[in-house]
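Remarks on the structure that follows.
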Ligand code: CTP
Ligand code: MG
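Numbering (full-length UniProt numbering), first residue to last: 18 to 554.
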């Protein structure tokens with residue numbers, strides 16, 4: 018809008034010269050279309066939520082062609098877009114169609130309501146994601162530069178538009194369930210589903226937002242009587258969260274269409290309900306009262322939007338870590354993706370000149386509208402991207418990747434804590450193998466769970482990857498390798514099984530099989546010759 022006004026002013030000035038102007042009325046027509054995604058995370062989320070309200074998910078009967086099925090569905094409403102995908106979670110593969118912006122005109126309730134069905138209706142019309150098979154990376158296998166490999170990797174594995182919309186649809190479906198108890202509630206996604214660093218297949222973190230009901234932020238009149246809703250009181254907020262999640266968990270378990278394997282993990286630091294949503298294929302974690310996590314999601318999103326190198330580097334490091342089982346989808350003593358992301362951000366703050374600002378700098382740029390204190394934690398930082406001035410740094414992704422490994426191969430983990438608020442390492446405030454200060458709850462260590470052997474493995478793999486990237490044969494596409502196996506180069510070399518697996522302190526265990534997607538990633542990054550061969554055949 019500012020840019021638009023500046024242009025209007027320049028044009029206007031040209032026609033009126035330097036005469037003083039009393040007032041000008043400018044009318045700007047903003048017409049947000051289906052694909053005009055808003056910029057700020059909050060606007061984007063509101064936009065997606067609104068889209069989700071108008072979307073449905075329908076399972077496609079076996080032995081029915083997609084074309085025929087679409088024809089049938091078009092009798093029930095106007096199909097603007099559709100996405101077919103197969104889902105494999107907990108059960109036989111099923112074909113599903115996701116219809117964004119579909120207003121259903123008439124739907125019967127699956128034959129007649131029989132005794133084996135629970136009388137709960139939602140916008141999932143019978144029942145998951147293995148994301149659709151992606152073949153577009155094949156064309157990128159001819160990349161000559163590591164920079165290009167990194168960009169191809171990001172392009173191929175980031176969340177697609179439809180995957181992102183499906184995530185919001187699942188939140189909306191869950192809201193229908195939670196609304197049985199809390200009609201005005203909202204369910205919002207957070208974490209990698211919306212922070213810009215999500216990889217296809219990542220879990221869906223959601224939180225049940227009851228703020229509009231509890232009215233915690235409503236101002237009471239300073240004097241006189243006011244009428245308030247009476248609400249049951251307890252003396253512990255944690256207890257309230259546990260009670261809410263307990264009943265919602267029961268509800269999801271008993272009535273949630275396609276929700277299976279429901280576990281209530283209420284004694285965790287952050288209580289949650291975990292389940293698999295079959296129709297979308299997402300592993301879901303539902304939390305309540307988790308506003309600080311929403312703030313860290315917003316912060317990560319902002320960093321990712323500031324410079325395209327941020328997302329690409331985070332993405333690559335996340336894939337590298339997964340390929341070497343540094344991270345895992347099972348909770349344990351390993352480094353989490355969130356910790357890894359914070360490590361990459363810290364590294365980018367330590368560049369000369371820095372690629373991204375520190376959190377304190379972002380706080381100093383904040384205006385009164387950005388002020389946010391949650392449970393006593395200062396969560397204030399600027400949300401208007403245009404106020405942030407970046408320094409000129411021309412490092413290539415290739416350089417950054419190599420330097421990232423060197424940086425952490427020699428980082429003084431035993432003494433220092435990683436701190437993105439200050440953008441400088443600090444003395445460790447407590448004993449822990451890896452200490453990463455939580456950006457908002459500053460007394461907490463994000464990587465408290467990490468043990469010494471996992472940290473040692475990370476450091477050894479950083480050393481190995483830094484060394485590999487210094488080898489000239491790693492940096493250039495080479496010919497065919499041993500037997501039928503083409504020689505990997507560049508990024509692919511870093512994703513191959515490591516030579517340092519049996520390092521100090523780590524019991525020999527069977528290497529966890531890399532996910533199917535990582536396997537295909539390796540395929541995609543093979544040398545140029547092989548890439549050509551495969552596309553020819
Ligand atoms: N979070 C946090 N402190 C932690 C762990 C998580 O504040 N110690 C918040 C972060 O905002 C994080 C979100 O909770 O993004 C979700 O956590 P998690 O699912 O572990 O990480 P993701 O970023 O979603 O990454 P992944 O793709 O592995 O799910
Ligand atoms: Mg997550």
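We put the beta carbon where it would ideally sit given N, CA and C, even for glycine. The model shown is predicted, which means the values in this text are computed figures rather than measured ones.
Bridge partner(s) assigned by DSSP for residue 294: Paired residue(s): 276 and 299.
Using a Cβ-Cβ cutoff of less than 6 Å, which residues in the same chain neighbour residue 23 once the five nearest sequence positions on both sides are dropped? Result list for residue 23: empty, nothing under 6 Å.
Neighbourhood of residue 281 by C-beta distance below 7 Å, restricted to the same chain and skipping five residues each side: Closer than 7 Å at the Cβ level, and outside the excluded window around residue 281, lie 262, 263, 266 and 290.
Applying the 10 Å Cβ sphere with the 16-neighbour rule, what's the burial state of residue 452? Counting the other Cβ atoms within 10 Å of the Cβ of residue 452 gives 16 or more, which makes it buried.
Let me check you understand the geometry: is the CB of residue 297 closer than 6 Å to at least one non-hydrogen atom of the ligand MG? Because no heavy atom of the ligand MG lies under 6 Å away, the Cβ of residue 297 does not count as near it: no.
Proximal residues to residue 454 (C-beta, below 6 Å), its chain only, five neighbours per side dropped: The answer, listed in chain order, is 434 and 436.
Could you tell me which of 92, 167, 186 and 101 sits nearest to residue 67, measuring between CA atoms? Of the listed residues, the one whose Cα sits closest to residue 67 is 186.
Is any heavy atom of the ligand CTP found at a distance shorter than 6 Å from the C-beta of residue 181? Taking 6 Å as the cut-off, the C-beta of residue 181 does not count as close to any heavy atom of the ligand CTP.
I need the boundaries of the alpha helix (DSSP H) containing residue 214, first residue and last residue. Taken as a continuous stretch (DSSP letters only), residue 214 belongs to no alpha helix (DSSP H), as it is neither H nor E.
Between the CA atoms of residue 246 and residue 171 - distance to the nearest angstrom: For the pair residue 171 and residue 246, the Cα-to-Cα distance works out to about 49 Å.
So which of 345, 347, 359 and 283 has the shortest CA-CA distance to residue 330? Relative to the Cα of residue 330, the nearest Cα in the group 345, 347, 359 and 283 belongs to 359.
Element boundaries [beta strand (DSSP E), containing residue 76]: Boundaries of the beta strand (DSSP E) around residue 76: 73-77.
Measure the C-alpha to C-alpha separation of residue 386 and residue 439 and round it to an integer number of angstroms. C-alpha separation (whole angstroms): 23 Å.
Contacting residues, own chain, Cβ-Cβ under 6 Å from residue 259 (five flanking each side not counted): Once the five neighbours on either side are set aside, the close Cβ partners of residue 259 are 283 and 288.
Taking all protein chains shown into account, do 16 or more other C-beta atoms lie within 10 angstroms of the C-beta of residue 448, making it buried, or fewer, making it exposed? With a 10 Å radius around the Cβ and a threshold of 16 neighbouring Cβ atoms, residue 448 comes out exposed.
Start-to-end residues for the alpha helix (DSSP H) that takes in residue 185: Its alpha helix (DSSP H) spans residues 178-195.
Does DSSP classify residue 325 as helix, strand or coil? Looking at residue 325 - three-state DSSP - the assignment turns out to be helix.
Quick check on residue 369: buried or exposed, where buried means 16 or more other Cβ atoms within 10 Å of its Cβ? With fewer than 16 Cβ atoms within 10 Å of its Cβ, residue 369 is classed as exposed.
Alpha-carbon spacing of residue 384 relative to residue 313, whole angstroms: Rounded to the nearest angstrom, the two C-alpha atoms are 18 Å apart.
Got a sec: does the ligand CTP put a non-hydrogen atom nearer than 6 Å to the Cβ of residue 427? No.
Quick one: what's got a C-beta closer than 7 Å to residue 164's C-beta in the same chain, skipping five residues either side? The residues 413, 414 and 415, in chain order, have a CB closer than 7 Å to that of residue 164 in the same chain once the five nearest residues on each side in sequence are set aside.
Does the ligand CTP have a heavy atom nearer than 6 Å to the CB of residue 310? Correct: residue 310 has its Cβ closer than 6 Å to the ligand CTP.
Please confirm whether any heavy atom of the ligand MG lies closer than 6 Å to the CB of residue 464. False, no ligand heavy atom lies under 6 Å from that Cβ.
Specify the secondary structure class of residue 387 as computed by DSSP and reduced to three states. In the three-state scheme derived from DSSP, where H, G and I count as helix and E and B as strand, residue 387 is classed as helix.
May I ask whether a heavy atom of the ligand CTP can be found less than 6 Å away from the beta carbon of residue 219? Residue 219 Cβ: within cutoff of the ligand CTP.
When 78, 168, 173 and 207 are compared against residue 61, the one with the closest alpha-carbon: It is 207.
Would DSSP call residue 171 helix, strand or coil? Three-state result, residue 171: helix.
If residue 202 sits next to residue 226, beta carbons under 8 Å apart, how far is it from one beta carbon to the other, in whole angstroms? Right, their Cβ atoms sit about 6 Å apart.
Return the CA-CA distance between residue 277 and residue 472, expressed in angstroms with no decimal places. Taking the straight line joining both Cα atoms gives about 34 Å.
Label residue 248 either buried or exposed according to how many other C-beta atoms from any shown protein chain fall within 10 Å of its C-beta, with 16 as the threshold for buried. In the assembly as shown, residue 248 is an exposed residue. Its beta-carbon has fewer than 16 other beta-carbons within 10 Å.
Going straight from the alpha carbon of residue 14 to that of residue 59, what length do you get? Outside the displayed range of the chain (18 to 554) lies residue 14, so it cannot be described from this structure.
Would the beta-carbon of residue 203 be found less than 6 Å away from any heavy atom of the ligand CTP? Shortest gap from the CB of residue 203 to any heavy atom of the ligand CTP: 6 Å or more.
Who does residue 434 pair with in a DSSP beta bridge? Answer is 443, bridged to residue 434.
With a 10 Å radius around its C-beta and 16 neighbouring C-beta atoms as the bar for buried, classify residue 408 as buried or exposed. Under a 10 Å Cβ-count criterion, residue 408 is classified as exposed, with fewer than 16 other Cβ atoms of the shown protein chains found around its own Cβ.
Relative to the C-alpha of residue 377, which candidate in 456, 484, 98 and 481 has its C-alpha closest? Closest by alpha carbon: 456.
Let me confirm a value: residue 381 is counted as buried when at least 16 other C-beta atoms fall within 10 Å, else exposed. Which label applies? Residue 381 counts as exposed, since fewer than 16 other C-beta atoms from the protein chains shown sit within 10 angstroms of its C-beta.
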